[in-house]
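Oh and the sequence shown: position 582 is 582 in this note's numbering, straight run, nothing missing.
Input: a single structure, listed below in structure tokens.
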Amino acid sequence: MGSRRGRQHPGAGHAAQPPQPGGRGAARAQQPPQPAGRGGGGGRGGIQQQGRGGGRTSRVDEAQQQQQQPGRGGHARGESGAGRPQQYPRGATPVQGAASSSSSPLAPELRQAMEEAPRDFAPQAPPVQEAGPSQPSPEAPPPVQPREEHGPAEPTAGQEIVPTAPPQSSKSFRFPLRPGKGSIGTRCLVKANHFFAELPDKDLHHYDVSITPEVTSRVVSRAIIKELVNLYKQSYLGGRLPAYDGRKSLYTAGPLPFTSQEFHITLFDDDGGPGSERRRRNFKVVIKFAARADLHRLELFLAGRHAEAPQEALQVLDIVLRELPSSRPRYAPFGRLFFSPDLGRRQPLGDGLESWRGFYQSIRPTQMGLLLNIGRTRRAYPVQRAPALCGVWGRVSVASLTLVCAMRGDCDSKRQKHIRARFRSWDLWVMGPPRFRCATLIFVKGRPSAGGSHMSGVWGREKPRQAFPRKICGEAASNPRPGDSIKKALRGVKVEVTHRGNMRRKYRISGLTTQATRELTFPVDEGGTIKSVVQYFQETYGFAIQHTYLPCLQVGNQQRPNYLPMEVCKIVERQRYSKRLNQNQIRALLEETYQHPRDRERDIIRMVKQNAYDKDDYAQEFGIKISDRLASVEARILPAPWLKYNETGREKDCLPRVGQWNMMNKKMVDGGKVRSWICVNFARNVQDCVVRGFCHELALMRHASGMDFARERVLPPLYARPDQVERALKARYHDAMNVLGPKHKELDLLIGILPDNNGSLYGDLKRVCEIDLGIVSQCCCTKQVFKMNKQILANLALKINAKVGGRNTMLVDAVSRRIPLVTDRPTIIFGADVTHPHPGEDSSPSIAAVVASQDWPEVTKYAGLVSAQAHRQELIEDLYKVWQDPQRGTVSGGMIRELLVSFKKSTGQKPQGIIFYRDGVSEGQFYQVLLYELNAIRKACASLEANYQPKVTFVVVQKRHHTRLFAHNHNDQNSIDRSGNILPGTVVDSKICHPTEFDFYLCSHAGIKGTSRPAHYHVLWDENNFSADELQTLTNNLCYTYARCTRSVSIVPPAYYAHLAAFRARFYMEPETSDSGSVASGPAGRGPQSASHSTRGPGGAAVRPLPALKDNVKRVMFYC
């Protein structure tokens, strides 16, 4: 049937052998290898979980984050709180001789940074240079290092950067205790989507499970254990109903009547037709006692009398509660997420996808005790009941070109006519099911056309004579390997064959053949007899392959592949779609995700009642009881801060109302200067007169807002074709400098007008401006140009002012120095984030970004640096680094060091305090991230001046969680905003928070659409000894200083800026496509870095750096 071997899902009918204690079990039946194309076993079943995801995508991550990070918001984390003063291991003592700015003791992992170091901040040192591409002097080897004579530098070309190895986690390391609860603000009640879980009074036992032969699919593993329980529950299992995690662990509410037992289970495949013999598979299962889960320790932890969270007990309860939805066939499980097409209306997303409703659940230890967090979510699934994967819809006759690209959309008769009109010079085959609508365009040689040569169906790499219209194909015409995108899109998709009646074997696609079906052959016996795939299917199955010019799907391994003609395959239903969604799909998914708070609350309660936890066999077996009422939580509404504007405006101060305000009668507190600027128009439908009018109105608005802005452009607006963006920008920049050069002036700003659907044009423009030309730019869509109202112009003015070095507003308390632990001493505020590649991009680097405040005490201007690092590496590797220079010896650098030096140059002060807001860290990574990155901060400080160790507060910012807060009374207009959400400034630091550690939920923004998600702040290190009120108020007030709008934002701006900078750095990447279609890159466009430097990720693979940002760009908030 086209397959050689493989495993298959368990069937409905099973048989098993009775257990044979101590026996070796039945021998597993082995099928001999079969030649390619021959019938055999099916493909592996099961659902493969994806790694953690990238960058934040507003509410898309709520509906789609399960593609990237299942269970990220779970409880599984290292150690928990201890005494607040003990943020270091027991017995550790303060480092002697440290500067007075920091006398806090350190963990052993952090003490290595306290050796003598260069004294860049010392009074006798020469002036500190700005964070830029300056060259350091050599440093002597530790422990005594001479002072550097220059600022930070980077390795020369060809040198390899060796990241500092992360320290090992310490079991005695403790996070700070909660310093009491806050009291500032108006008290109120809110409801949270947490449900009380009564702790069972039974002993929980843990057993190790070993299955032979090894099974990689959780679906098959669960089927084996399910069959075992069905057969031996009342006998060998003593009536126990065990909970199984699908891997190596099994849990019971009480002991089993043995400590070790061997079982033999037989599963039958369910793909056999009537009268056909089903394949049987034998497994040996060994269950062995491992340990008891101590629930008493869990009770002590919840009561605050035990420092460490008993992870095993929490894991048992989580697995038990997941057994209910996992065991029901209606649900498609994915970690802690469960989806079903029957939970609500399925909404088409386009291109053969639809959204399914689902829910998330996780058991969490809180101050109230154990709570079950349940939330609603959505994700994309392929349309069910799709016809065959590759039915040919239409053909366009033309030249001998073989090319592959992805098509998005339908292909009806009208569409075919359009394609014919645009592609008259190629042979075009459109493949894909009419209802699946995720088609594939394959350009192959069919009949030789006039002037064309015959290519015999082999896929080539020739480029088309003209670019593909984006409306027709989703693949960029400049892609040097178009076929790789199709292989990547199909890789991992599960299909079933349709040419054998009821025998529906399943396979996973591993690739596509490089030859047409009619050219594929394989050996049919050991004697070397060769037979073609077309002949084999005709003789074996009586199936005549119609479309022999198309390639075959390749299943199995690369060494001995199996070939399946596309026309005999059908996409298996209920598969997760783990690839990247396009913009239209994201937009459609967002519309389905938006839900009014009242409706979301009602749906969550309905979901809990439908799950009927009180009637669940597993919950009853383990004695777990779940309430069906939302948790009622005490909260406070923090007051909004007063904002400072320029004294020349009619309104000098402003008090935001419900998280928002406007720029009427106000002027920017510190207007930037733009003396020379140009405009380039890439939108064909925007006439030159419209562009001139838009530029004139924008200049008037910026001047009225308080900027020193030249009303006339250096050159008239220029129209340029979108496919010539780099050439047009560089030519126009050269023309402008011909005018400005003799006057010794520089170009300050470029305005770009882009089509509404501009594809890669935006990223190309940013890359050219910030990497090649060294100017900041502001892009405007055509709809903004045509609409051109005061609100749009004011918002553009805010962004432009931030990009050219101005300040839009600042906190009145900052100007008057009334912010404790921030304005009473020089303090720098950092924000850091790491964004990861989209699903399916297996080798693309992760991008780390760090921003830091450059003004004090105002803390509104932030400089940013970015760095590419190993694929899906969460630790920021480039915070601090040391390398050997042939001339200068040991040289130190890194993002923290550069930003500290830049702060010193900008303010004339060296920071005495550091507040580090770290975004994107899951709870399971808390210890690893803290120990590594705090150690890097320590080393960066020590490298600037001997004994320089400012006090550090390290706070993790989490948005990817499933906690939602609802108004206690949705009809009380005084407790909700216009969107029906809780009021901005609502903070919760009790009941649903950690039993002992310093964390809180803060909803700092006003809702616009859907249900607001509060940010979760967790303090991992606090040498500044913030009180709850001080840190909560500081965080909330900073959310009103976001430069891009006149609204408070949902997370603290430094973390927000870091995310924007990391997202921007993706545009700087220069793809280097490998044979597998993956992209490799490296430490990103940090200021002093050049394209020739390299670093190495944890796996040892070299990561290629990105081009460097120009100095005048990285000094300002270019990412706004």
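We treat Cβ as the ideally placed atom computed from N, Cα and C, and that holds for glycine.
Proximity to ARG657 [Cα-Cα], best of VAL209, GLY985, SER210
GLY985
Where the alpha helix (DSSP H) containing PRO597 begins and where it ends:
Unbroken alpha helix (DSSP H) run through PRO597: 597-611.
Please report the Cβ distance between ALA829 and PRO1054, rounded to the nearest whole angstrom; I am assuming they are in contact, meaning their Cβ atoms lie under 8 Å.
Note on residue identity: the sequence assigns Ile, not Ala, to residue 829. ILE829 to PRO1054, Cβ: 5 Å. Contact.
At the level of alpha carbons, what is the spacing between THR782 and ARG1064?
21 Å
Does DSSP classify MET707 as helix, strand or coil?
In the structure shown, MET707 sits in coil (DSSP, three-state: anything other than H, G, I, E or B).
Quick test of the definition: if touching needs 3 or more C-beta pairs under 8 Å, does the stretch 1037-1050 touch the stretch 901-913?
no
Contact set for VAL1049: own chain, Cβ-Cβ below 8 Å, skip 5 residues either direction
SER1004, HIS1005, CYS1039, TYR1042, TYR1056
Are ALA1058 and GLY831 closer than 9 Å when you measure CB to CB?
yes
So what's ALA1091 in DSSP terms, helix, strand or just coil?
Note that ALA1091 scores a pLDDT of 33, beneath 50, so its modelled location is shaky; the value from the coordinates is reported in the next line. Here ALA1091 sits in coil by DSSP.
With 16 other Cβ atoms within 10 Å as the buried cut-off, status of ARG505
buried
Exposure label - LEU700; buried when at least 16 CB within 10 Å
exposed
Start and end of the alpha helix (DSSP H) containing PRO1054?
1053-1065
Beta-carbon within less than 6 Å of ALA15's beta-carbon, same chain only, minus the 5 sequence neighbours each way: which residues are those?
Note that ALA15 scores a pLDDT of 42, beneath 50, so its modelled location is shaky; the value from the coordinates is reported in the next line. Once the five neighbours on either side are set aside, the close Cβ partners of ALA15 are THR266.
Could you check whether the stretch 971-982 touches the stretch 591-598, counting it as contact only if at least three pairs of C-beta atoms, one from each stretch, sit closer than 8 Å?
yes
Run the CB neighbour count on ARG330, radius 10 Å, all protein chains shown included, and call it buried at 16 or more, exposed below.
exposed
So GLU567 and GLN546 are in contact, right, with Cβ under 8 Å, and what is the actual spacing, rounded?
The pair is a contact, with the Cβ atoms about 6 Å apart (cut-off 8 Å).
Just to confirm before moving on: does the CB-CB distance between ALA863 and LYS1114 stay below 9 Å?
yes
ARG1146 to ASP628, Cα distance in whole Å?
Since the first and last residues shown for the chain are 1 and 1120, residue 1146 lies out of range.
When the Cβ atoms of the stretch 189-204 are set against those of the stretch 629-636, are three or more pairs found closer than 8 Å?
The answer is yes - the stretch 629-636 touches the stretch 189-204, with three or more Cβ pairs under 8 Å.
Grouping DSSP H, G and I as helix and E and B as strand, with all else coil, what is GLU539?
Here GLU539 carries a helix assignment [DSSP, helix/strand/coil].
Please check the pair ILE915 and THR827, which I expect to be a contact at CB under 8 Å, by giving their CB distance rounded to whole angstroms.
7 Å
How long is the line joining the alpha carbons of LEU1002 and THR1011, rounded to whole angstroms?
Cα-Cα distance, rounded: 14 Å.
Residue range of the beta strand (DSSP E) that includes GLU496:
494-497
With contact counted as at least three CB pairs below 8 Å, one residue from each stretch, are the stretch 663-681 and the stretch 693-713 in contact?
yes
Could you tell me the alpha carbon to alpha carbon distance between ALA113 and VAL815, rounded to whole angstroms?
Because ALA113 sits at a pLDDT of 42, beneath the cut-off of 50, its placement in the model cannot be relied upon, and the following sentence gives the value as read from the coordinates. One C-alpha to the other measures close to 34 Å.
When you compare the CB positions of PHE258 and ILE287, do they come within less than 9 Å of one another, or not?
yes
Which class does ASN646 belong to by DSSP, given the choice of helix, strand or coil?
coil
Let me know the secondary structure DSSP gives LEU300 once reduced to three states.
helix
Close-in-space but distant-in-sequence residues of the same chain around ARG675 (CB under 8 Å, 5 per side omitted)
Counting only Cβ-Cβ distances below 8 Å, and skipping sequence neighbours, we find ASP708, ALA710, LYS745, ASP748.
When the distance is taken between beta carbons, is GLY671 closer than 9 Å to ASN801?
In this structure, GLY671 lies closer than 9 Å to ASN801 by Cβ.
Could you check whether the stretch 300-313 touches the stretch 222-229, counting it as contact only if at least three pairs of C-beta atoms, one from each stretch, sit closer than 8 Å?
no
Any idea if PRO333 is buried or exposed, counting beta-carbon neighbours within 10 angstroms, 16 or more meaning buried?
By the 10 Å Cβ count, PRO333 comes out buried.
Measuring alpha carbon to alpha carbon, tell me which of VAL812, LYS766, PRO755 ends up nearest LYS644.
The candidate whose alpha carbon is nearest that of LYS644 is VAL812.
Since THR252 sits in a beta bridge, which residues does DSSP pair it with?
HIS205
Roughly how far, in whole angstroms, is the beta-carbon of GLU726 from the beta-carbon of SER355, given that I think they are within contact range, below 8 Å?
Beta-carbon to beta-carbon, GLU726 and SER355 are separated by about 38 Å, too far to satisfy the 8 Å threshold.
Can you name the start and end residues of the alpha helix (DSSP H) that HIS547 belongs to?
Per DSSP, HIS547 belongs to no alpha helix (DSSP H) and is neither H nor E.
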